[in-house]
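In the working numbering, the protein residues as written are 506 to 1176.
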């Protein structure tokens, strides 16, 4: 049986019991009330009838007196006599009714019957006395009065006793009825006091037996199961919903045990697979790490091996171009320029590869500063003027706000623009036009740099592949235009690092427009320096002044050709140069000569340049004199390692002679 049905059954039984008690009490009370009403009515009728008989009897006696006292006239005599006879008859009738009402009441009935006999004798006496009464003789009433005087006392006393007995009987019966009603009330209260608590106890017991106890048991079991303890036994007894609930909990515990067993097996299998996969990943990561290290070592080695001869090629071609070794004829001058341009192009390719490696390794860090956009654009255009002039290209610069200033790395931003402008020059036929537009959008919080050209254009299906490394439009263009396909990939990386973006619009055969959007929130104020360096950053010290007289330089270089080239150029510019072939020799000569500046190569046999720099910094007189790292190392982190070792500046080989001299002058001017 369900819990609901059991509760309904118990509640119905309780309600039935309460109804029975209530009906019994109501019936008893109604019965007592009815009996009380009947007794009261009967007693009241007895009393009323007795009083009526008493009243009629007294009137009978009064009419007798009226006959004697006022019956002198015949008319009055007849009237009083008639009224006397009527009251006599009424008295006998009332006494007869009273005897019928008294029933078995022996005391009252006997007195009433005695009164009736006495009243009959009294009536006979009255009628016999009237035979001697003569209304015409007034004195005759005295004789009649003497004859019946005192004869009405016994009936009067008897009738008073009847009335008194009737009143007493009514009082006794009413008292008995009241006592009976009170007893009924007490019984009802007693039954109610017993039945109601018993019903409540029964209701509480049934609620606890069929609801609370199963719920408590199920709660304990569920709490135990939820805590993870599945070892306890669940006993199922009885029937109905509690038993069904326990059966469900028992089945749930069984299912959980099976699930936990399967889960444990799966967990062990998964742990085994994870361990195997982790081992595989460790091996793969180790292989990738070794591959990455091998790639870095390869790039570093190739960079060093390529930059070292390029240093000599660029340096000597620059010296020849400056005719430092004497005048050259036009063919020789053109040859030196061709050598210099080819070496410069090769250096640009190497730099692109290294820059891409830095970006992919996440080690390209920006040197943020305030950059004058106008000067940045002019410096970038100057770098492509010569190739543009050779192709007869028309170059324009359009700026809506020439005083615009942004926050960024001026050197990297110039690299970005030069890459885009270089591509514009490369892919624009002779006689075409290229341009650079600058538009500040203050509301949008950006500044847009647009490089446009009237070149060959880009097919729409090729545009999504433009910014992928080592990707060019097609093989025909690869053969026609030199390049590795790294320029646009680097452009996009630099823009991303600045929080900007790059987009392109192009029509094949009509040209292209490359848009670079960079964050811009207006100019910082009116105190912006009016002049800036070639990369748009604020200008530093004046490096064009006269060099310090008789400046002694210590040149540390393990490559004899490069050492001789640098020394020849610097001596030609008026410096006193001493050469050291390795790090140990550099430390010794630094202690002996105390030069004003050290030009330190880094990658050397024996003691490398980093260790030599650290040891030179321990010389008290050399602690504040500039040391410039002059190395072919250009991988991510190389510059930081040089500066941490104690170098003041870092120049990546191959370095231009004029750039080298500017750097020397700048740092000597600071000393």
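Even for Gly, the Cβ is constructed at its ideal location relative to N, Cα and C.
Predicted model, so just to flag it, every value in this text is computed and none were measured.
- Neighbourhood of residue 1129 by C-beta, 8 Å cutoff - its chain only, sequence neighbours within 5 removed: As a first step, residue 1129 is located in the chain shown; it is residue number 624 there, counting from the start. Excluding residues within five positions, the ones whose Cβ falls inside 8 Å are 1176.
- Task: Look up residue 619 in the DSSP assignment and say whether it is helix, strand or coil.
- Result: Numbered from 1 along the chain shown, position 114 holds the residue referred to as residue 619. The answer is helix: DSSP assigns residue 619 an H, G or I state.
- Message: Let's test the definition: count the other Cβ atoms within 10 Å of the Cβ of residue 1167 and tell me whether it reaches 16, buried, or not, exposed.
- Response: Reading the chain shown from its first residue, position 662 is the one you call residue 1167. Classified as exposed, residue 1167 has fewer than 16 neighbouring CB atoms from the shown chains inside 10 Å of its CB.
- Item | Assumed close pair residue 1107, residue 1089 - CB separation to whole angstroms, cut-off 8 Å | Translated into positions along the chain shown, residue 1107 becomes position 602. Translated into positions along the chain shown, residue 1089 becomes position 584. The C-beta separation of residue 1107 from residue 1089 comes to about 15 Å, leaving the pair out of contact by the 8 Å criterion.
- Return the chain-ordered list of same chain residues with a C-beta closer than 6 Å to the C-beta of residue 737, the five sequence neighbours on each side being excluded. Residue mapping note: residue 737 aligns to position 232 of the chain shown, counting from 1. Counting only Cβ-Cβ distances below 6 Å, and skipping sequence neighbours, we find 729.
- Is it buried or exposed for residue 784, if we count other Cβ within 10 angstroms and need 16 for buried? Here the question's residue 784 lines up with position 279 in the chain shown. Burial call: exposed.
- Query: So the alpha helix (DSSP H) residue 682 belongs to, where does it begin and stop?
  - Reply: On the chain shown, position 177 is the one that residue 682 refers to. Looking at the DSSP string, the run of the alpha helix (DSSP H) that includes residue 682 is 658 to 712.
- Task: Return the residue from the list 626, 557, 579 that minimises the CA-CA distance to residue 599.
- Result: Taking the first residue of the chain shown as position 1, residue 599 is located at position 94. Selected option, being the one with the closest Cα: 557.
- Query: Between 995, 1010, 1132, which lies nearest to residue 1003 when the distance is taken from Cα to Cα?
  - Reply: Walking along the chain shown from the start, residue 1003 turns up at place 498. Restricting attention to 995, 1010, 1132, the CA atom closest to the CA of residue 1003 is found in 995.
- Per-residue DSSP class, three states only, for residue 1024: Working through the chain shown from its first residue, we reach residue 1024 at position 519. Three-state result, residue 1024: strand.
- Message: Just to confirm my understanding: we take residue 1162, look at its own chain, exclude 5 residues before and 5 after, and list those with CB closer than 7 Å. What are they?
- Response: Here the question's residue 1162 lines up with position 657 in the chain shown. Take residue 1162, set aside five residues on each side of it, and the residues of its chain with a beta-carbon closer than 7 Å to its own are 820, 823, 824, 1074, in chain order.
- Message: Using a 10 Å radius around the Cβ and a threshold of 16 neighbouring Cβ atoms, would you call residue 662 buried or exposed?
- Response: Start at 1 with the first residue of the chain shown, and residue 662 comes out as number 157. Classification for residue 662: exposed.
- Query: Using 8 Å as the Cβ pair cut-off and three pairs as the minimum, do the stretch 944 to 964 and the stretch 926 to 934 touch?
  - Reply: Taking a contact to require three or more Cβ pairs closer than 8 Å, the stretch 944 to 964 and the stretch 926 to 934 qualify as touching.
- Query: Is the distance from the Cβ of residue 816 to the Cβ of residue 1064 below 9 Å?
  - Reply: Position 311 of the chain shown, counting from 1, holds the residue named residue 816. Position 559 of the chain shown, counting from 1, holds the residue named residue 1064. Taking 9 Å as the Cβ cut-off, residue 816 and residue 1064 qualify as a contacting pair.
- Message: If you reduce the DSSP assignment to three classes, tell me which class residue 1101 lands in.
- Response: Numbered from its first residue, the chain shown carries residue 1101 at position 596. Residue state, collapsed to three classes: coil.
- Can you name, in chain order, every residue of its own chain whose Cβ lies under 6 Å from the Cβ of residue 1055, other than the five neighbours on each side? On the chain shown, residue 1055 is found 550 positions in, with the first residue counted as 1. Its chain contains no residue whose beta carbon lies nearer than 6 Å to that of residue 1055 once the 5 sequence neighbours on both sides are disregarded.
- Message: I need the DSSP call for residue 1007, collapsed to helix, strand or coil.
- Response: Reading the chain shown from its first residue, position 502 is the one you call residue 1007. Reduced to three states, the DSSP call for residue 1007 is strand.
- Is the number of C-beta pairs between the stretch 752 to 763 and the stretch 777 to 794 that are closer than 8 Å three or more? Inter-segment contact for the stretch 752 to 763 and the stretch 777 to 794 is absent: fewer than three beta-carbon pairs are separated by less than 8 Å.
- Sheet register partners of residue 958 (DSSP bridge): In the chain shown, residue 958 corresponds to position 453, counting from 1. Per DSSP, 939, 1017.
- Task: Could you give the DSSP three-state label for residue 1119: helix, strand or coil?
- Result: Working through the chain shown from its first residue, we reach residue 1119 at position 614. DSSP places residue 1119 in the helix class (H, G or I) of the three-state scheme.
- Is the CB-CB distance between residue 1007 and residue 993 below 9 Å? For this step, residue 1007 is matched to residue 502 along the chain shown. For this step, residue 993 is matched to residue 488 along the chain shown. Less than 9 Å separates the beta-carbon of residue 1007 from that of residue 993.
- Query: Helix, strand or coil: how does DSSP classify residue 875 here?
  - Reply: Locating residue 875 in the chain shown gives position 370, where the first residue counts as 1. Strand at residue 875.
- Rounded C-alpha distance that separates residue 753 from residue 741: Walking along the chain shown from the start, residue 753 turns up at place 248. Walking along the chain shown from the start, residue 741 turns up at place 236. Our two residues, residue 753 and residue 741, have alpha carbons roughly 10 Å apart in a direct line.
- Query: Alpha carbon to alpha carbon, how far is residue 692 from residue 608?
  - Reply: For this step, residue 692 is matched to residue 187 along the chain shown. For this step, residue 608 is matched to residue 103 along the chain shown. About 32 Å.
- The beta strand (DSSP E) enclosing residue 1155, as first and last residue numbers: Taking the first residue of the chain shown as position 1, residue 1155 is located at position 650. If you look at residue 1155, you'll find it in the beta strand (DSSP E) that goes 1154 to 1157.
- Message: How far does the alpha helix (DSSP H) with residue 1145 in it extend, from its first residue to its last?
- Response: For the purposes of this step, residue 1145 is identified with residue 640 of the chain shown, where counting begins at 1. That run of the alpha helix (DSSP H) goes 1143 to 1150.
- Item | Bridge partner(s) assigned by DSSP for residue 899 | In the chain shown, the residue the question calls residue 899 occupies position 394. As DSSP reads the structure, residue 899 sits in a beta bridge with 938.
- Rounded C-alpha distance that separates residue 827 from residue 912: Translated into the one-based positions of the chain shown, residue 827 becomes position 322. Translated into the one-based positions of the chain shown, residue 912 becomes position 407. Cα atoms of residue 827 and residue 912: separation of roughly 37 Å, rounded to the nearest angstrom.
- Secondary structure at residue 1129, three-state DSSP: helix, strand or coil? In the chain shown, residue 1129 corresponds to position 624, counting from 1. It is coil, neither helix nor strand.
- Message: What residue range does the alpha helix (DSSP H) around residue 604 cover?
- Response: The count along the chain shown starts at 1 and reaches residue 604 at position 99. Where residue 604 is concerned, the enclosing alpha helix (DSSP H) stretches over 579 to 607.
- Helix, strand or coil for residue 913, going by three-state DSSP, please let me know. On the chain shown, position 408 is the one that residue 913 refers to. Looking at residue 913 - three-state DSSP - the assignment turns out to be strand.
- Task: Report yes if the C-beta distance between residue 901 and residue 941 is below 9 Å; otherwise report no.
- Result: By one-based count along the chain shown, residue 901 stands at place 396. By one-based count along the chain shown, residue 941 stands at place 436. Yes, Cβ-Cβ distance for residue 901 and residue 941 is below 9 Å.
- Message: Can you find the residues in the same chain that come closer than 7 Å, C-beta to C-beta, to residue 945, ignoring five residues on each side of it along the sequence?
- Response: By 1-based counting over the chain shown, the position of residue 945 is 440. Take residue 945, set aside five residues on each side of it, and the residues of its chain with a beta-carbon closer than 7 Å to its own are 905, 906, 909, 952, 1025, in chain order.
- Message: Since residue 921 and residue 999 should fall inside the 8 Å C-beta cutoff, what is the C-beta to C-beta distance between them, to a whole number of angstroms?
- Response: What you label residue 921 is simply residue 416 of the chain shown in a count that begins at 1. What you label residue 999 is simply residue 494 of the chain shown in a count that begins at 1. Sure, about 5 Å apart at Cβ, within 8 Å.
- Task: Under 8 Å by Cβ, that's how I've got residue 1060 and residue 1082 pegged, so tell me the actual separation to the nearest angstrom.
- Result: Looking up residue 1060 in the chain shown gives position 555. Looking up residue 1082 in the chain shown gives position 577. The Cβ separation is near 5 Å, so the contact holds.
- Item | Backbone CA spacing between residue 542 and residue 720 [nearest angstrom] | Looking up residue 542 in the chain shown gives position 37. Looking up residue 720 in the chain shown gives position 215. For residue 542 and residue 720, the distance between alpha carbons rounds to 57 Å.
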